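Quick note: the sequence shown uses this note's numbering, first residue -11, plus one each step. Glycine included, each C-beta is placed from N, C-alpha and C at the ideal position. These numbers come from a predicted model, not from an experiment. Step one of this worksheet: look at the structure below.
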Amino acid sequence: MKKIFAPLLCFLLLAGSAQAATQEEIQKIKITAAQGDAKAQFDLGWMYDNGNGVIQDYAEAVKWYQRAAEQGDELGQVQLGAMYNFGHGVVQNYSEAVKWYRLAAAQGNTWAQYSLGWMYEKGQGVGQSDVETTKLNADKGNVTDQIERMIEGFSQDYAEAVKWYRLAAEQGYADAQSNLGAMYYFGHGVAQNYSEAVKWYRLAAAQGNAMAQINLGVCYANGQGVRQSYTVAIKWHQLAARQGEATAQYNLGLAYENGRGVKQNRATAKEWFGKACDNGFQKGCDAFRRLNETTKRR
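Put into structure tokens, the structure is as follows:
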């Protein structure tokens, strides 16, 4: 089973349009932003963040996101959190990311709620501050531990992760639904419950979430929370595989190799293993070579 861990930067469309802003529009936004309009400040930050009509400049994006965020603009808060999370335009700081995510999440922003859940699940920025931890390890002279702590974060809190995933999931956010399903599947922060895991996987999978589709397929293949059905498992793996998910492609290879849910077909199995391998999945490469060698010996 796999979970989605890293939240992606949300690229919001300026004024609902994917087209680059004109110089006249840019100038108008700059003037309005300078006058203190939070929405214009966010828009200007987004433009610098994505190089929309201006030269991409993360530091300038942070400047305008911060101005919007400090006025309580939830989009400015969540984007500022993301900049700290990924170290774009600022020194990466998980604690600062959590601070801004939390403010946006309190306003009901689903992406911020999901991101907070992820930070709690991974233990990033939710314990001792980044600065304190860095100083502590530096004083000890333990460079390896210092690096590991900066990468891995601090104390995980699965129960808190579940809380935030649930808030976003109940608003229909697919990634949160998928991760909440995984928390139930593994019993992290909640009592293990395959049926509840399937419920959330299904909601996310119906929205096209590839990870949820894979995990739902696994549940059907193993009979966890649902009546075992290799045929239904194949359906979900195929949907994820078409999105380029290597794990699903590998699982389809296994299904065709062993004739589970489909008619046994080693040529098709080899094809799926090859696709998984092309997507960097080592087990797919190993299985492809194994079938290739078996074919040569015949």
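Cutoff 8 Å: residue i Cβ touching any chain C Cβ
| i | result |
| --- | --- |
| MET35 | No chain C is present in this structure, which holds just one protein chain. |
CA-to-CA distance, residue j to residue i, given in whole angstroms
| i | j | result |
| --- | --- | --- |
| VAL119 | TRP152 | The predicted position of VAL119 is uncertain, since its pLDDT is 42 and thus under 50; a value taken from the coordinates is nonetheless stated next. Their backbone Cα atoms lie some 25 Å apart in a straight line. |
| ALA162 | TYR102 | 10 Å |
| ILE14 | GLY41 | 7 Å |
| GLY141 | ILE222 | In this predicted model, GLY141 has a pLDDT of only 45, less than 50, meaning its place in the structure is not dependable; the value taken from the coordinates is given anyway. Cα to Cα, the separation comes out at about 37 Å. |
| GLY77 | ALA28 | 19 Å |
| ALA220 | ARG248 | The amino acid occupying residue 220 in the given sequence is Val; Ala does not appear at that position. Near 11 Å, if we compare the C-alpha coordinates of ARG248 and VAL220. |
| GLY39 | ALA49 | 10 Å |
| SER183 | GLN144 | 25 Å |
| ARG154 | GLN195 | 17 Å |
| ALA293 | ASN81 | A question about residue 293 goes unanswered here, because the residues of the chain that appear run from -11 up to 286. |
| GLN44 | GLY24 | 22 Å |
| ALA85 | TYR108 | 12 Å |
| THR282 | GLN159 | 50 Å |
| ARG278 | PHE261 | 10 Å |
Boundaries (first-last residue) of the alpha helix (DSSP H) holding residue i
| i | result |
| --- | --- |
| ALA12 | The amino acid occupying residue 12 in the given sequence is Glu; Ala does not appear at that position. First-last of the alpha helix (DSSP H) with GLU12: 11 to 22. |
| ASN73 | 62 to 74 |
| ILE202 | 198 to 210 |
| PHE261 | 254 to 266 |
| HIS176 | Here HIS176 belongs to no alpha helix (DSSP H), and DSSP marks it neither H nor E. |
Residue from the options with nearest C-alpha to residue i
| i | options | result |
| --- | --- | --- |
| GLN188 | VAL178, GLY196, ALA179 and ALA200 | Strictly speaking, residue 188 in this sequence is Trp, with Gln absent from that position. Of the listed residues, the one whose Cα sits closest to TRP188 is ALA200. |
| TRP88 | VAL79, GLY77, TYR72 and ARG190 | TYR72 |
| GLN226 | LYS258, GLY64 and GLY205 | GLY205 |
| ALA47 | PHE276, ALA70, ALA170 and GLY175 | ALA70 |
| VAL258 | ALA275, PHE74 and THR235 | According to the sequence provided, residue 258 is Lys. The question's Val does not apply to it. With distances taken between Cα atoms, LYS258 lies closest to ALA275. |
| ARG190 | GLY113, GLN159, GLN54 and GLN165 | GLN165 |
| ALA157 | GLN270, ARG215, ASP31 and ALA185 | ALA185 |
Assumed close pair residue i, residue j - CB separation to whole angstroms, cut-off 8 Å
| i | j | result |
| --- | --- | --- |
| GLY177 | ALA147 | 4 Å |
| GLY241 | ALA264 | 6 Å |
| ASN267 | GLY232 | 6 Å |
| GLN95 | GLU58 | Rounded, the Cβ-Cβ distance is 14 Å, inconsistent with contact. |
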